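The next block holds one structure in the form of structure tokens; read it before the comments.
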Amino acid sequence: MPATFITTGPGTLKFGPTGSGQIDASCQVTSMLVDSDTNAEDPIHVLCGDTVAGEETTAFTLKATFLQDDLKTGGLTAYTWTNAGKTVDFEFVPNTANAAKVAGKVTVRPMPIGGEVKKRNTHDIEWAIVGTPTPTWSTASAG
């Protein structure tokens, strides 16, 4: 198989139910990643020579860097404060031409407000994804 790759962007990131109440955060994203962390326990060795496999658990996280918006009603920062602690739907499309996406539920945390004086503020977030997100793989030909 030859080497293939994809660039992130242009793409989309949306929070909330489809339609009314959904917010499109795509234009505030400077970096975006759905990440996983697997915790594996050591195996247990027993006298008869058998080995009991250690359990593995995987947790998923939505990691992003957002450009702080203009702090208006209906903006991303306001959305995170209004929905803090709530579990909402999300859909992340890394590249619209490729059409692959990851969807699931994420627990919203309020974004910081403010930052360095005379700078365009960005903020890194890590929000827990509830359960396992669902990827939809691309069927597009590599370009």
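According to the numbering used here, the sequence shown is numbered sequentially starting from -16. For glycine and all other residues, C-beta sits at the position ideal for the given N, C-alpha and C. Everything numeric in this text was worked out from a predicted model, so none of it was measured.
N-terminal and C-terminal residue of the alpha helix (DSSP H) that residue i is part of
i        : result
Trp120   : Taken as a continuous stretch (DSSP letters only), Trp120 belongs to no alpha helix (DSSP H), as it is neither H nor E.
Thr(-10) : Neither: Thr(-10) is in no alpha helix (DSSP H) and is coded neither H nor E.
Ala61    : Leu59 to Thr65
C-alpha distance - residue i paired with residue j, whole-angstrom precision
i       : j      : result
Met137  : Ile108 : Not covered by the structure: residue 137. The range shown for the chain is -16 to 126.
Thr105  : Ala47  : 10 Å
Asp25   : Lys55  : 50 Å
Gly97   : Gly37  : 45 Å
Thr(-9) : Gln11  : 14 Å
Ala80   : Asp52  : 26 Å
Thr115  : Gly87  : 7 Å
Ser19   : Trp110 : 12 Å
Endpoints, the beta strand (DSSP E) within which residue i is located
i     : result
Thr70 : Thr70 to Val76
Thr21 : Val12 to Ala23
Ala47 : Glu39 to Leu50
Gly97 : Premise fails: Gly97 is in no beta strand (DSSP E) and is neither H nor E.
Thr90 : Lys84 to Thr90
Integer Cβ distance of residue i from residue j, believed to fall under 8 Å
i      : j     : result
Thr21  : Thr41 : 5 Å
Ala123 : Ala82 : 6 Å
Which listed residue (the options) has its alpha carbon closest to that of residue i
i     : options                             : result
Val17 : Phe49, Pro77 and Gly(-8)            : Pro77
Phe43 : Thr90, Pro(-15), Ile96 and Ala(-14) : Thr90
Trp64 : Ala111, Pro(-15), Arg92 and Pro116  : Arg92
**Request:** Give a yes or no on contact between the region -4 to 7 and the region 71 to 82, applying the rule of three or more CB pairs nearer than 8 Å.
**Result:** yes
**Message:** Does the region 30 to 40 come into contact with the region 94 to 103, if we say contact requires no fewer than three beta-carbon pairs (one atom in each stretch) closer than 8 Å?
**Reply:** no
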